[in-house]
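Have a look at the structure below, then the notes.
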Amino acid sequence: MVKKVFGQLLKFFFQGLVILGPFAVTAYCVLFVIDNLDQVIPQQLKVFPGIGIILVFFAIGVIGYLGERFFLTKWLIHFIDSIIERIPGVKFIYSSTKDVISSFVGDKKKFSHPVWVKVSEAPETWRIGFLTQSHMSYKNMETMVAVYLPHSYAISGWVIITKIENTIPITDMSASDAMKFAVSGGVTGHEIKTEEE
């Protein structure tokens, strides 16, 4: 009897963890970001908690607007960009970060073509990925394509070069849904109902 009650209590505890866990982690991350950004703002401007994140968003938006609309700002950004690209060591960090960010947002988004990729013949195994190069002719591999395969529960991934016939374009899922599917380990996506349901 005691064992059964303890088992039920444990079950309820884990159920509560499943419900509250995502809320708690999200709230912690948001408060952590807000608190750290508020530390950057001078004491005189701290009108209310969260002013830091508002000012940072505003500043980034203004820089984006100026960089998009005005030739002088574009020239200045390009000039600073070219200087940083010549500094050994710093160049690698800067260019890698720039490429990753521009792959997700902006006009040059790379992760916008989700595909299924056959990675093994026996047993037949498929992975979800993103077509990043539609041809590899500049590497003398005319029939090959580059596909980025994200890792689950991580911000890392790997690139494979495969034949185009080993890929199937995903048309029933948006790029963001495909990324969620990949990063969540296949947990997020089309729900499958079991017979018990």
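All the letters of the sequence shown, read from the start, carry residue numbers 5 to 201 under this note's numbering. Ideal Cβ placement from N, Cα and C applies to all residues, glycine included. All values reported here derive from a predicted model rather than from experimental measurement.
Interface flag, residue i vs chain B, CB-CB below 7 Å
i, result
"G65", "Reference to chain B is not applicable here, since this structure consists of a single protein chain."
Sequence-distant residues of its chain with Cβ nearer than 8 Å to residue i (five each side left out)
i, result
"S156", "A186, V187, S188, G189, G190"
"L70", "T77"
Nonlocal neighbours in the same chain, by C-beta distance under 7 Å from residue i, ignoring five residues either side
i, result
"P154", "G161, M183, A186, V187"
"P2", "Any question about residue 2 goes unanswered here, given that the chain covers just 5 to 201."
"E146", "H139"
Buried/exposed call for residue i, threshold 16 Cβ in 10 Å
i, result
"L135", "buried"
"K197", "Note that K197 has pLDDT 44, beneath the 50 cutoff, so the model's placement of it is unreliable and the number below is only indicative. Exposed is the call here."
"I132", "buried"
"F27", "exposed"
"F62", "exposed"
"F74", "exposed"
"F115", "buried"
"E200", "Residue placement at E200 is flagged as unreliable, the pLDDT there being 43, under the threshold of 50; the coordinate-derived value follows with that caveat. Classification for E200: exposed."
Limits of the unbroken alpha helix (DSSP H) element including residue i
i, result
"K15", "6-44"
"N86", "With the sequence shown as reference, residue 86 is identified as Ser, and Asn is not the correct amino acid for it. Counting along the chain, the alpha helix (DSSP H) containing S86 begins and ends at 75-88."
"A182", "179-187"
For residue j and residue i, believed in contact at Cβ under 8 Å, the rounded distance
i, j, result
"V121", "V163", "At roughly 11 Å, the Cβ-Cβ gap does not stay under 8 Å, so V121 and V163 are not in contact."
"M177", "T166", "About 20 Å separates the two Cβ atoms, so there is no contact after all."
"T171", "V119", "4 Å"
"K78", "I88", "With a Cβ gap of about 16 Å, K78 and I88 do not count as contacting."
Close Cβ partners of residue i (< 6 Å) along its chain, the five nearest in sequence each way excluded
i, result
"W130", "W120, K122"
"L41", "G56, I57, V60"
"P173", "V119"
Residue span of the beta strand (DSSP E) that contains residue i, given as start and end
i, result
"Y152", "148-154"
"S124", "118-124"
"F134", "129-137"
"P173", "171-173"
"K143", "Taken as a continuous stretch (DSSP letters only), K143 belongs to no beta strand (DSSP E), as it is neither H nor E."
"I165", "161-167"
Near the ligand ATP: residue i beta-carbon under 6 Å from a heavy atom
i, result
"D85", "In terms of ligand content, the structure shown is empty, and the ligand ATP therefore cannot be addressed."
Three CB pairs or more closer than 8 Å across the stretch 35-46 and the stretch 54-63: yes
At least three beta-carbon pairs within less than 8 Å, the stretch 78-96 to the stretch 133-144: no
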